[in-house]
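J.: Residue numbers (my numbering), protein chains in the order written: chain A, 32 to 204; chain B, 1418 to 1929. The beta-carbon is built from N, C-alpha and C at its ideal position, and this holds for glycine as well.
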Amino acid sequence: MLALPAAPALLAQEMPKIEVGVPDAGAETVAHFFSAPQLAALRRLSDLLLPAMGETPGALEARAPEFLDFLIGESPADRKQLYRAGLDALNAGARRKYGKAFAELDAAQADAVLAPLHERWTYDAPKDPLAAFLREAKADVMAATVNSREWVQVVSQRSRTASGTGIYWHPIE
Amino acid sequence: MALTPYDVLIIGSGASGGMTAHTLTKLGVKCLMLDAGPAFDYDKDRSLRPVYDLPYRGFGKPGRFPHITQANEFTAAIWADEKENPYSYDPKDPYYWVRIRRIGGKTLVWGRASWRLSDYEFKAKDHDGFGDNWPLAYADLAPYYDRCEPLLRVSGRKEGLPQLPDGVFLEDQSKDGPSVTRFLEEAKKRGIPTTKQRRAQGALASSMNLLLPDAMATGNLTIVPNAVVREITTDRKTGLVNGVNFVDRRSKREMHAKARVLVVGASTLESTRLLLNSGIANSSGVLGHYLFDQFYVKNTVQALTPEAGGGGGYIARFTNLKSKDKNYLRGYAVDFGSGGTPDPKYFPLYGEALQKALNANRGRGFNATTMGSVLPRFENHVSIDKNVIDAWGVPSLRIQARYTDNEFNMAKDAMNTLAELCQASGFELLEKHDRMVPPGESIHELGTCRMGESPKTSVLNKWNQAHDVKNLFVVDGSAFVTGGSQNPTLTISALAMRASEYMAEQMRKGDL
Chain A
32 MLALPAAPAL LAQEMPKIEV GVPDAGAETV AHFFSAPQLA ALRRLSDLLL
82 PAMGETPGAL EARAPEFLDF LIGESPADRK QLYRAGLDAL NAGARRKYGK
132 AFAELDAAQA DAVLAPLHER WTYDAPKDPL AAFLREAKAD VMAATVNSRE
182 WVQVVSQRSR TASGTGIYWH PIE
Chain B
1418 MALTPYDVLI IGSGASGGMT AHTLTKLGVK CLMLDAGPAF DYDKDRSLRP
1468 VYDLPYRGFG KPGRFPHITQ ANEFTAAIWA DEKENPYSYD PKDPYYWVRI
1518 RRIGGKTLVW GRASWRLSDY EFKAKDHDGF GDNWPLAYAD LAPYYDRCEP
1568 LLRVSGRKEG LPQLPDGVFL EDQSKDGPSV TRFLEEAKKR GIPTTKQRRA
1618 QGALASSMNL LLPDAMATGN LTIVPNAVVR EITTDRKTGL VNGVNFVDRR
1668 SKREMHAKAR VLVVGASTLE STRLLLNSGI ANSSGVLGHY LFDQFYVKNT
1718 VQALTPEAGG GGGYIARFTN LKSKDKNYLR GYAVDFGSGG TPDPKYFPLY
1768 GEALQKALNA NRGRGFNATT MGSVLPRFEN HVSIDKNVID AWGVPSLRIQ
1818 ARYTDNEFNM AKDAMNTLAE LCQASGFELL EKHDRMVPPG ESIHELGTCR
1868 MGESPKTSVL NKWNQAHDVK NLFVVDGSAF VTGGSQNPTL TISALAMRAS
1918 EYMAEQMRKG DL
């Protein structure tokens, strides 16, 4: 007669903590808010704003543009408009100057279209829709990147202060 | 079984309600405390989470907190939900009303800055002719400040400034780096007084850990969470208040609690909202009026220091002290600090060039935030908006507040002064501005249920006691007559302690 395996005494008494993944660990965002030309421009912009450097992932590795497609799609109307108009302005500017979409420009050409990013920051938002969009996008792309799993896992191994963790207050009943 | 009789019913558990309970229970007074929010376990109800594991990658749910700029995705659950707790204003004059409904109130997250007011505030009218004096003087409140500071474990450095009285401090012995030292010297040359921050110590310096446990230990305090108070009830024969109607936050069950003496410490605007909804204590007609706060010009200057930084401090009000020497009344204070890296937005760069600039400037940041005195004006006021009802059916407030040239001129002067100090100290100025955040955002809202000598022009007497209803006390920031440029929490605590001792004595004598 076969002996039954010994009961796992500890496991019977205690619930183990199972480490689970996050959606980005095994899946891609299905981007659906921006049009194809808008998303292509956002991807190119994101890569320019925060490229991968050495082992540090950039905005594309962090899937910042796809995340922003989700986030902006959930946002109030004025923010949606800021992004759509801004991305359209990037493509329009690229076509006017170089006859190409923004995504197809080389770095020097793109830099000319991104001239407002070389303006000094002022407290009041710029009136020009492209300039207003670019300063928001600069902040958002950087935050979406440094808050990503890809960034946190690489950078937090190097620096104890860039750990990407915080104390989360649980929702109340 | 009969209900336990309580001597005093306290509404609110923050700086004012907490200090009231702390003071009264030690004097043997039985207290029942109601709070609109839940009790919670500081260890179990919070946990360490990576930012990428939050649903919105740290950005927070878009549009959830249009008026609470302090909220982020980690702390979202702390703040009173804006959909459940609506209010209104004229779209031309936005007002940011920031609330926390939890045991401990806003002391769970406050910046802990702890400054005394002086007779430049208590007797402001005597000094510059504007507005009204408080019905008490600095000397009346000083003994209570002396006792509040050790309770909150306030650190600081004594300076002997008449406009910023010294207190009972844990001595601040922190050192400043060379850049801040030069800044302090440049300030001194211009007759601008500086000191160290005065701040309650500890990661959490809250009513929940510093006040309520001692009160509970007396056996004289019962706390009922989730009690959303609808209105105060009145005995028609005597005109005295006799209790409150409240609704249980979770079940929406309607309840009534009796009170012999009622203390309202629900926060400046919530207390006034409750009194207005109850139709009491307003024979003067000024209930809801004289709303003010401190205006904040966040990061008035942002600069780079030549040396990696370290250190910081506070500029005390220095304008219009001996005579009127500016194109505005009263004055401003400044928080300044160095170290860290300035926000990427201040660098007109992107990509690799930006990352290189950030690395090169690590630790060289310097910024200063202006906190200015706001003149209390009758026309800045709140009223009940019957069309705006919260999730428990309680009518909410319409808030009307607007800054005027006095504040705008002061902000401009602060900007120019700070820019000059930075440049004289050899800092590279990245940005300066004089744009204040909307009224309310500093979370220093004050007034609307003010104290005064005369029942014709004020709601409360000098003991925070309603002129019209002697067993009703309002002990939070709504009682303020003027606010100066100092953060108000320490003064709120000292006033609550003083009112509580008066209350206990009146009860002992049988006058309450």
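Please confirm whether MET173/A has its beta-carbon closer than 9 Å to some beta-carbon of chain B.
T.: Yes, its Cβ sits closer than 9 Å to a Cβ of chain B.
J.: Does the stretch 1661 to 1670 of chain B come close enough to the stretch 1443 to 1454 of chain B to have 3 or more Cβ pairs within less than 8 Å?
T.: Touching, yes.
J.: Distance, Cα to Cα, ARG1653/B vs ILE1495/B?
T.: Cα to Cα, ARG1653/B sits roughly 39 Å from ILE1495/B.
J.: Would you say LEU1471/B lies against chain A (beta-carbon separation less than 9 Å)?
T.: Closer than 9 Å: yes.
J.: What residues of chain B sit near ASN178/A, judged by a beta carbon separation below 7 Å?
T.: What ASN178/A touches in chain B: VAL1468, TYR1469, ARG1474, GLY1475.
J.: With a CB to CB cut of under 6 Å and the five nearest residues on each side skipped, what residues in its chain are close to MET1832/B?
T.: Around MET1832/B: THR1717, LYS1849, ASP1851.
J.: Let me know the secondary structure DSSP gives SER1700/B once reduced to three states.
T.: Coil.
J.: Rounding to the nearest angstrom, what Cα-Cα distance links ARG189/A and ALA1559/B in this structure?
T.: Computed Cα separation, rounded: 51 Å.
J.: Contact check, THR1492/B vs SER1623/B under 8 Å by CB: the rounded distance?
T.: So it is not a contact: roughly 14 Å between Cβ atoms.
J.: Please give me, in chain order, every unbroken run of the alpha helix (DSSP H) with length at least 4 that falls completely inside the stretch 1547 to 1584 of chain B.
T.: Segments of the alpha helix (DSSP H) lying fully in the stretch 1547 to 1584 of chain B: 1555 to 1569.
J.: If we define contact as Cβ-Cβ less than 9 Å, is ARG151/A a contact residue for chain B?
T.: Closer than 9 Å: yes.
J.: In whole angstroms, what is the alpha-carbon distance linking GLY1480/B and ASP171/A?
T.: Cα to Cα, the separation comes out at about 15 Å.
J.: Which chain A residues sit within Cβ distance under 7 Å of GLY1573/B?
T.: Residues of chain A passing the Cβ test: none, with the nearest at roughly 27 Å.
J.: Say whether chain A places a C-beta atom closer than 9 Å to the C-beta of LYS1762/B.
T.: Closer than 9 Å: yes.
J.: Taking the alpha carbon of ASN1699/B as the reference point, which residue from ILE1909/B, TYR1513/B, VAL1898/B, ALA1883/B has its own alpha carbon closest?
T.: Here the closest residue by C-alpha is ALA1883/B.
J.: According to DSSP, is MET1672/B helix, strand or coil?
T.: MET1672/B: strand per DSSP, three-state reduction.
J.: When you compare each of HIS149/A, PHE64/A, ARG127/A to GLY104/A by their alpha carbons, which one comes out closest?
T.: GLY104/A has its Cα closest to that of PHE64/A, out of HIS149/A, PHE64/A, ARG127/A.
J.: Per DSSP, ALA1785/B forms a beta bridge with which residues?
T.: DSSP output for ALA1785/B lists VAL1718/B, PHE1753/B as bridge partner(s).
J.: DSSP on THR1655/B, reduced to helix/strand/coil?
T.: If DSSP states are grouped into helix, strand and coil, THR1655/B belongs with coil.
J.: Taking LEU102/A as the query, report the chain D residues whose CB atoms sit under 7 Å from its CB, ordered along the chain.
T.: Looking at the structure shown, chain D is missing, and the protein chains on hand are A and B.
J.: May I have the straight-line CA-CA distance separating TYR1713/B from ARG1647/B, to the nearest angstrom?
T.: The alpha-carbon atoms of TYR1713/B and ARG1647/B are separated by roughly 33 Å.
J.: Who are the Cβ neighbours of ILE1609/B in its own chain at under 8 Å, not counting the five residues just before and after it?
T.: Around ILE1609/B: ILE1732, PHE1735, THR1834, LEU1838.
J.: At the level of alpha carbons, what is the spacing between ALA1818/B and GLU1566/B?
T.: Taking the straight line joining both Cα atoms gives about 32 Å.
J.: Could you tell me whether the stretch 1866 to 1879 of chain B touches the stretch 1752 to 1759 of chain B, using the rule of 3 or more Cβ pairs below 8 Å?
T.: As far as the Cβ criterion goes, the stretch 1866 to 1879 of chain B does not touch the stretch 1752 to 1759 of chain B, which means the pair count is below three.
J.: Would you report the Cα separation of LEU102/A and TYR114/A, rounded to the nearest angstrom?
T.: The straight-line gap from Cα to Cα measures roughly 11 Å.
J.: List the residues that DSSP assigns as beta-bridge partners of GLY1730/B.
T.: Answer is PHE1753/B.
J.: So, at 7 Å on beta carbons, what are the nonlocal neighbours of GLU50/A in its own chain, with the 5 sequence-adjacent residues on each side left out?
T.: Excluding sequence neighbours, GLU50/A sits near nothing in its chain.
J.: Quick test of your reading: ASN1643/B and ARG1670/B, contact by CB under 8 Å. State the CB separation rounded to the nearest angstrom.
T.: Between ARG1670/B and ASN1643/B the Cβ distance is about 10 Å, and since that is not below 8 Å, they are no contact.
J.: If you run the structure through DSSP and keep just helix, strand and coil, what is TRP200/A?
T.: The answer is strand: DSSP assigns TRP200/A an E or B state.
J.: Taking the alpha carbon of LEU91/A as the reference point, which residue from ASP100/A, MET84/A, ASP78/A, PHE98/A has its own alpha carbon closest?
T.: Ranking ASP100/A, MET84/A, ASP78/A, PHE98/A by Cα distance to LEU91/A puts ASP78/A first.
J.: Kindly say whether GLU105/A, judged by its beta-carbon, lies nearer than 9 Å to any beta-carbon of chain B.
T.: It does: the Cβ of GLU105/A has a partner Cβ on chain B nearer than 9 Å.
J.: Which residue comes first and which comes last in the alpha helix (DSSP H) that contains VAL1680/B?
T.: No alpha helix (DSSP H) holds VAL1680/B; the beta strand (DSSP E) holding it covers 1678 to 1681.
J.: With DSSP run on the structure shown, which of helix, strand or coil describes ILE1860/B?
T.: Coil, per DSSP.
J.: Any idea what DSSP makes of LEU1708/B, helix, strand or coil?
T.: Coil.
J.: Just the C-alpha distance for ARG173/A and ILE1428/B, rounded to the nearest angstrom, thanks.
T.: Per the sequence shown, residue 173/A should be read as Met rather than Arg. Looking at the two C-alpha atoms, the distance is approximately 44 Å.
J.: Assign GLU1824/B to one of two classes, buried (16 or more other C-beta atoms within 10 Å of its C-beta) or exposed (fewer than that).
T.: Buried, by the Cβ-count rule.
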